[in-house]
C-alpha cells in the first residue's frame, strides 16, 4: 500500500468512525479477488449496515478520491469485483434483510446483500419463488445478480433478472440517495456491473411455486446432434421450463466427480439435454407423455425424475458441473457467450474445432434454451505457452460468436476479462455513447474504475 | 409560419433534394396532431425511404437548427408526436419493409414504419406471431410501439415491447448510424418517446402461434368485486394469457355502440372480466374446466368462445371500447396508470369517487392482469369549467396513484400531457439524471424538444 493511499484511508476512517472498515492485510487479501482468480489490491474493506452508512462511505470516499468497488459474494466470472489499486471494497454482507413481502402484490423488497438462496428460503413457506437462479444462487447476492443481470437455468422460461426488478434504491457517487422505478435509470443500473451507482435495495416481482415439476435427462449422440434435437423438440410442441445442454466431455467429468461414471458406461448416448417441465399436474403429465412419445419414436434414452428427491439428484448433477470442472485443472478459462438458438448446432462443433486448433481441452455446457453457452478451457497458468494459446482461442471464439450474430457475454458480464474484446461487439460510436453516459452518472469514475466501458475509448482508440 | 423557419426549411429542401419533403398547409395540418387532439405546428413533413434518406434529413436539419419530430401513425395518447413550432415532422410511412425473417432464430427484422398488424399478417402464414398487441395494432407502427414501449392485452402473459427487441439500428442527432444490441443503448431508446434518437429498424423476437385458444367473458357484480374476483381467480390456479377488466359503465357504452345492449339486460352481472387461455388443447381444456367449476361454485355467468369466429366477436367487443368511448363525448380525457394488482379493487372504487367529486363522467377498463388501467373522462373542451374540473381530477388521480405505489403511465407515455406531473413520480435527483442523459445523447435537443424529460428541470424547478 503506497503512503498516499494509506493516508487517505486513515482520513476516511476518521470521518466515518461508526462504520466498520478493516485495513488489515488478511481483509485486503480475502476481498482482493473473485471467481476468475484475478487478484487486485485494495486499501480496505468497509461493511455498511444501513443505507445511511452506505451514503456516508460513498460521499466521503468520493471526496477523498478513493475509488469504490461494490462487492456482493465475489462469485463473478469476469473480474467485476476485483479491486483496483488504492480502492475501497464496500461489501454488502451486512445489508441483507428482507424489508417487506406483499403476497397480494407478488412482491418482495430486499437489501442488496441478501443471498439469492436465502431469499428463496424465505419465500418458500409462503408458496412463492424468485425466478432468476444463477448456478451460484446458494452464495451469490441479489445485488450482484442485478449488477450482472444474472440468468440461470430457469431464464429459458422466465427471462433474466431485468424482468423482475420493479424498483431500485441506489446511491450516486456524490452520496445522493435515489429511488428509481422500472424503466427510469433502473434500465441502465441493471447490468451496469457496479460502474454507475451502488444498489442499496430492490423491489422484486416473485411468483407462486408451480404445483408440479418433472425433471428429465435425455441422452443423444454427438454434440451437434443434441443441439439439433433441442430445436426439433421445441418445434414438436414440447415446452420445457428448463432446457440445458451438457456436452459429452462435460457429462463424463461431472459423473466422475460424483462417482457415477459406471452409469454412463451402459448407455449408447454421449451428450445430454437436461430438461424440466412445470405447471399443473395435467399439464406436466401431458408434457411428459409428449416427451416419452418423442423419445420412443426417435430411439432416445430418457431418465425421468418425478419425486422431489429424484429431481434433487438430477439437479445435483447439473449444479456440480462447475465445481467438477474447477477440480479438473489448475486454471479454468471460463467464457460465456450467447447465440441465437438456431446457430447452436453449428456452434458447438465449431467451438470444439477452435479449441482443437490450439491443442486445448474444452468443455461446453449451458442454457441452450436461451442460446447461452459456457465454454471452459482447462489450463495451467504456470504453462505460459498454453495460456497464450488459450488467449488466442478466446479471441477466435469471440470473433466467431460476433460474426454469427451473438454476444460476448450471456450472463457473466464484461468486467476486466472481456474489456479487450468490447470493440468487437460495439462500434466506436456506441462505445463513445456508453462512456458519455458513465461520464454524466459517475463523472469522477468513483465506482469500479477500469471496468466494463469505463475509459474504454482510451484503450480501443 | 414565421419567416426564419420558412427560410431554414427552404435551405433544408435544397440540401436534401432527393427526399420527399412537403411544406403545403394540408400536410402541415394533417401531421400536426395525434390521438390526444392536441394541435402543434410544423414547417414541413419529410418522407424518407431508406436509412440513407433518414441520416441525411437528420444531419442537415440538425445543422440548420430545425428540431425533428419522429412520427409513426400518430396514434399516441400523450402528445409525443405533436410537433413544436418550427419543427420538421419525419414520418416513417415509407420505411416499412420486412427486412428478413428467420424461423430457426425466431426472429424478424423490420423497418420502423411497418404497422404492427401488417407484421402479424406477414408472420401468420409461417405460424408465428409478435406478442405486443396495443389496441391500436391495426394502425400503429413498430417504431412507435418501441418508442412508447407499448403493451396490450397479451402483455399480461408476454410482457411489453422491451422484451422482444433484440437490436435496434438508429440514427443519432448528428446523423451517425448505430446498431445497438439488447442491453446496450437499446435499453434507454425503448420507451424514450422519440427524444433520444430516430429508430430505423429493429430485430424482434417472434413466437409460434399456440395450438389452441379460448376466450371468455365473465360477469360479476360491482367494479371492486370484479377486481377482487380477478385476484381470487389467479390464486385459485387459473392462468389466463389475457386478463382484462371492463367496468359497468364501459360495458354499457360499448354494447350500445355495437347495438347489443339488449343482451346485457337479461344478465344480473354488471362489470366484466375478459379472459383468454392458450396452449395445447389439453391445457386449454383444463383451464376451461377450472374456470367452469369456479363460476359454478361462485354463481357467476360465463360466456365462452371456442370457435375462431366466436372469439373474433368477443375480441371485437374488447377492441370497440376505445372507439365507442370516443363517440360518447366531444373531448375524451384519456389517462393510463399502472398499479400493483393487489391495489386494483380499492383503486377502481376510489377513482370513480374522485371523478364523482368533480362531477365528471368516468369510464375504467384495461389490462388489469398487469395492473394497467385506462381511465376515460367524458368532457367537452368548449365547457371551460368542466375542463378545469377534469384537470383537477387528473391531478388527484396521479397523486392517489403515486401514493399507492403506482406509475403515471402504463403504456401511453409521458409526452406533453404528463410532463406537468413528472415531479410527482420522480425525485429532482432522478429528473436531473434523466436530463443529463438526454444532454449527452442529444445535446442540441434536436429530437422531440419539450417532450418527456427534455428541459424538465426548468419547468419543475
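Protein chains in written order, with our numbering: chain A, 21 to 481; chain B, 21 to 481. Cβ atoms here follow ideal geometry from the backbone N, Cα and C, with glycine treated the same way. The structure displayed is predicted, hence computed values, not measured ones.
One thing to note: residue 101/A has its Cβ no nearer than 8 Å to the Cβ of residue 141/A.
Taking the C-beta atoms as reference points, residue 85/A is found no nearer than 8 Å to residue 29/A.
Residue 128/B is not a Cβ neighbour of residue 77/B, given a cutoff of 8 Å.
Contact with chain A is found for residue 207/B, since one of that chain's Cβ atoms lies less than 8 Å from the residue's Cβ. In this model, residue 151/B and residue 432/B are separated by some 18 Å (Cα to Cα). Counting along the chain, residue 457/B sits inside the alpha helix (DSSP H) bounded by residues 448-461.
Take the alpha-carbon of residue 287/A and the one of residue 154/A: they are about 30 Å apart. Residue-level contact check: residue 196/A touches chain B, since one or more beta carbons of chain B fall below 8 Å from its beta carbon.
Close to residue 360/B, with beta-carbon spacing below 7 Å, are these residues of chain A in chain order: 125, 127. Residue-level contact check: residue 460/B touches chain A, since one or more beta carbons of chain A fall below 8 Å from its beta carbon. In this structure, DSSP gives residue 298/B an extended state, which the three-state scheme calls strand. By the rule that beta-carbons nearer than 8 Å mark a contact, residue 183/A touches chain B. For residue 365/A, the enclosing alpha helix (DSSP H) stretches over residues 364-377.
About 14 Å separates the beta carbon of residue 340/B from that of residue 292/B, a gap too long to meet the 8 Å contact definition.
Taking each of 233/A, 188/A, 232/A in turn and checking the Cα distance to residue 211/A, the smallest one comes out for 188/A. Residue contact check for residue 201/B against chain A: a CB pair falls below 8 Å.
Considering only 193/A, 371/A, 373/A, 106/A, the residue with the shortest C-alpha distance to residue 48/A is 106/A. The C-beta distance from residue 325/A to residue 235/A rounds to 4 Å, short enough to meet the 8 Å contact threshold.
Along the stretch 302-329 of chain A, going in chain order, the ones with a CB nearer than 7 Å to a CB of chain B are 302, 303, 306. A distance below 8 Å between beta-carbons, with the five flanking residues on each side excluded, links residue 70/A to the following residues of its chain, in chain order: 115. Under a criterion of Cβ atoms nearer than 7 Å, the residues of chain A adjacent to residue 453/B are, in order, 205, 461. Cβ proximity to chain B below 9 Å picks out 251, 254, 255, 257, 259 from the stretch 235-259 of chain A.
In the three-state reduction of the DSSP assignment, residue 386/A falls in the strand class, which pools E and B.
Here residue 216/A is not bridged, per DSSP, to any residue. The CB of residue 450/A comes closer than 7 Å to the CB of 198, 200, 204, 205 in chain B, given here in chain order. Boundaries of the beta strand (DSSP E) harbouring residue 65/B: 62-67, taken from the DSSP string. It is roughly 16 Å from the alpha-carbon of residue 250/A to the alpha-carbon of residue 228/B.
As DSSP reads the structure, residue 336/A sits in no beta bridge.
If you draw a 10 Å sphere on the C-beta of residue 408/B, you find fewer than 16 other C-beta atoms in it, and that means exposed.
For the stretch 207-228 of chain A, the beta-carbon criterion of a distance under 7 Å to any beta-carbon of chain B is satisfied by 207, 208, 211. Taking 3 residues as the minimum length, the beta strand (DSSP E) runs contained wholly in the stretch 174-206 of chain A are 185-191, 197-201, in order along the chain. Neighbours of residue 179/A in chain B, taken as residues whose beta carbon is under 9 Å from its own, are 179, 183 in chain order. Counting the other Cβ atoms within 10 Å of the Cβ of residue 298/A gives 16 or more, which makes it buried. With its beta carbon less than 8 Å from one in chain B, residue 446/A belongs to the interface. For residue 167/A, there is no enclosing beta strand (DSSP E); the residue is found in the alpha helix (DSSP H) stretching over 162-168.
Counting only Cβ-Cβ distances below 7 Å, residue 457/A has contacts in chain B at 457, 460, in chain order.
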